[in-house]
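Beneath this line is the structure, given in C-alpha cells, with notes to follow.
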Amino acid sequence: MAPHTDSAGGVRAHRGAILHFRSDPGSGDDPDTFEFFDDGLLVTADGRVASIGPARELLPALPSDAELVEHRDSILMPGFVDTHVHYPQTDIVGTGGRQLLDWLEHYTFPAERGFADPAHAREVAEFFLDELVRNGTTTALVFCSVHPASVQAFFEAAAARRMRMAAGKVLMDRNCPQYLRDTPETGERATRELLAAWHGRERLLYAITPRFAPTSSDAQLASAGRLATDYPDALIQTHVAENLDEVAWVKRLFPEARSYLDVYDRYGLLRERAIYAHCIHFDEVDRARMAQSGAAAAFCPSSNLRLGSGLFDVASADAAGMRFSIATDVAAGSSFSMLQTLSDAYKVAQLSQQHLSPLRAFYLATLAGARALGVDDRVGRFAVGTEADFIVLDLRATPLLARRTARSRTLAEKLLVLLTLGDDRAVSRTYILGRESHRAGPI
Ligand code: GUN
Ligand code: ZN
C-alpha cells in the first residue's frame, strides 16, 4: 500500500496553478464554467477545502502554524473520477485480438472466476486501488464480480484508505459459465445484504450492477428494478449498445423492446445516478430518453478502440443533452491512466470529424464524473467544505512534456500537451481527504 505520510488534520496550504470546473465548458470553452489560478492557493483543514483563491489574497490570512507546500511547474486539480472500471479484470489488461463477446468468454469470465476466493479478491483490490491512486484517480464506479466476497474485499480495502468509491456485485443468471451464475433470488438477497452493510458507510456507495441485458433473465432484470426503487439513492451501473453483435443478440433475446436501452427502461433502470457504459449504437430516441431520465453515459474510448466496438458520438450526445463522463473500462480499456484515456477520447472525436476541447476533456474526467455519481457536492470540484481529494500534475514529468509545455502559450495548449504526453508519471502527488497518499518517485 502507498505510504500515508501526513495526518489528515491541521491546516495545509498548497500553492501552485489550480484548475477546476463549475460546469461543462462545452465546445466553446465558456470562461464562466471554470476557475484557473495561475498562482493559486488551496487551503485544506481536517480533510476538507477551507479556502481557494489567488495566493496573494489568501497568504496573508493563513494561520502562522499552517504548513505551506509549493508545487512548481504543476497544475493542481480535483482527483480524477473514473465512472466505469472492473477491478476483477486487473490481471487481464492487454489481452486482445477479439471483439466483445469472444473477449468476455475467453479472458473475462475465466479471470473473474478466481474472485470466489476472498484472499485473491483482497490482493487484487489492494493492487487495483494502488494503481488508481498512482494514476490520480480518487473516485471510481467499480464492477466487482458475481461473488459477494469480491465486494466485501473491495469495500474493506477502499474504507481502509478512506476513499470515496462506488461498487457493486455483478448480477448474472444466464448466458455465462455455470461457475459465475447467481439466480434472481440469490442475487437480490446478496445485493440487499451488501447495500445494508456498505451503502453510505464511510465514503462508500453501493451500485446495483446487472452486468448487461444478455446475462440477466427477465426475472433478474425485474429484481434489479425493484432494488432500484427500494434504494433510490443507490447507484445503478451496466453496459449498453457497445458492440453490433451484442446489439443483435439483445434484439433476439428481448424482441418486444424498442431498443437495447429500452430493455433497461422497461425494468425501471433509467434514472439519475444510473451510469450506462458505452452508449455507442444508439439512435436519437435512445439519446433523448437518456437525457430525459437523467442517466449518464460512460464514454470509454480506450476500451472502444481496443475491442473495435465503435466511436462514441460526442456531437449527438450534446445535441440530445445526454450527460456523459469519461471512463477507463479496464480491462477492455488498457490503461488506468485517465490522461491516456482522455488522449484516446480526443482521437475518437477526431475520427468522427468532431472536436474535444482540452478544457472540456478535464471537465469530463473530474466534475462530469462526480455529477454522474451524484457526489458533485463533495468531490470533483473545489469549494469551501468539499472533500480535499486532489492531484498535482507535473508539467515537467518527462523531458518531452517539459519541452512542449515550455513552448505552450495558453492553458488550453498546456492541457492538450498534458493529456497527449502524460500518464502515471505526470501524477506527482495524490491527496485523499487532504492527506498525501501518493508521491511519485524520481524518474
Ligand atoms: N459487457 C458485459 N460485460 C462487459 C465487460 O466486462 N467489459 C466490457 N467492456 N463490456 C461488457
Ligand atoms: Zn465494462
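Be aware that the sequence shown starts at 4, since it is given in the numbering used here, and climbs by one per residue. Even for Gly, the Cβ is constructed at its ideal location relative to N, Cα and C.
So the candidates are the options; which of them puts its Cα closest to the Cα of residue i?
i           : options               : result
residue 290 : 304, 342, 244 and 257 : 244
residue 20  : 110, 49, 31 and 72    : 72
residue 304 : 98, 332, 62 and 58    : 332
residue 208 : 215, 197 and 218      : 197
residue 54  : 400, 384 and 395      : 384
residue 109 : 92, 121, 256 and 125  : 92
residue 26  : 225, 273 and 38       : 38
residue 177 : 135, 112 and 119      : 112
residue 107 : 419, 148, 153 and 416 : 148
residue 212 : 201, 206 and 190      : 190
residue 175 : 165, 227 and 160      : 227
residue 273 : 237, 160 and 125      : 237
residue 351 : 308, 31 and 336       : 308
residue 229 : 195, 360, 255 and 242 : 195
residue 336 : 302, 264 and 132      : 302
residue 186 : 159, 199 and 225      : 225
residue 44  : 423, 278, 424 and 56  : 56
residue 103 : 430, 82, 423 and 306  : 306
residue 153 : 193, 420, 179 and 275 : 193
Run through DSSP, which three-state label would residue i get?
i           : result
residue 317 : helix
residue 5   : Note that residue 5 scores a pLDDT of 41, beneath 50, so its modelled location is shaky; the value from the coordinates is reported in the next line. It is coil, neither helix nor strand.
residue 425 : coil
residue 96  : coil
residue 171 : strand
residue 382 : coil
residue 369 : coil
residue 202 : coil
residue 439 : strand
residue 150 : coil
residue 240 : strand
residue 105 : helix
residue 11  : Residue confidence is low: residue 11 scores 44 on pLDDT, short of 50, so the model does not pin down where it sits. Its coordinate-derived value is still stated next. Reduced to three states, the DSSP call for residue 11 is coil.
residue 124 : helix
residue 207 : strand
residue 272 : coil
From residue i to residue j, what does the alpha carbon distance come to, in whole angstroms?
i           : j           : result
residue 115 : residue 130 : 16 Å
residue 310 : residue 387 : 42 Å
residue 61  : residue 389 : 18 Å
residue 327 : residue 46  : 30 Å
residue 346 : residue 13  : 37 Å
residue 349 : residue 183 : 36 Å
residue 5   : residue 137 : Residue placement at residue 5 is flagged as unreliable, the pLDDT there being 41, under the threshold of 50; a coordinate-derived value is accordingly withheld.
residue 324 : residue 66  : 45 Å
residue 300 : residue 64  : 43 Å
residue 268 : residue 157 : 29 Å
residue 342 : residue 426 : 6 Å
residue 42  : residue 395 : 14 Å
residue 139 : residue 379 : 17 Å
residue 28  : residue 364 : 9 Å
residue 452 : residue 320 : The shown model of the chain, from 4 to 446, leaves out residue 452, and the question about it has no answer.
residue 10  : residue 438 : Residue placement at residue 10 cannot be trusted, given a pLDDT of 46 that sits under 50; what the coordinates show is reported in the next sentence. When rounded, the distance between both Cα atoms is 6 Å.
residue 253 : residue 17  : 51 Å
residue 406 : residue 163 : 39 Å
residue 284 : residue 246 : 7 Å
residue 223 : residue 257 : 14 Å
residue 432 : residue 414 : 21 Å
residue 314 : residue 99  : 18 Å
residue 168 : residue 141 : 8 Å
residue 330 : residue 294 : 19 Å
residue 271 : residue 417 : 43 Å
residue 502 : residue 206 : The structure shown does not extend to residue 502, since the chain spans only 4 to 446, so no value can be given for it.
residue 123 : residue 90  : 12 Å
Exposed or buried, residue i, counting other C-beta atoms within 10 Å across all chains shown (16 or more means buried)?
i           : result
residue 369 : buried
residue 398 : buried
residue 2   : Lying outside 4 to 446, the shown extent of the chain, residue 2 is not represented and no answer is given.
residue 87  : buried
residue 218 : buried
residue 249 : buried
residue 354 : exposed
residue 151 : buried
residue 435 : buried
residue 403 : exposed
residue 240 : buried
residue 292 : buried
residue 358 : exposed
residue 233 : exposed
residue 155 : buried
residue 298 : buried
residue 160 : buried
residue 165 : buried
Legend entry - Sequence ranges, alpha helix (DSSP H) only - wholly within the segment 289–358, length at least 4: Annotation note: the segment 289–358 contains the following uninterrupted alpha helix (DSSP H) runs of length 4 or greater, listed N- to C-terminal: 304–309, 317–323 and 341–354.
Inset, instruction - For the segment 18–95, list the alpha helix (DSSP H) runs that are entirely contained and at least 4 residues long, ordered along the chain. - result: The DSSP assignment places 58–61 as complete runs of the alpha helix (DSSP H) inside the segment 18–95, in order along the chain (cut-off: 4 residues).
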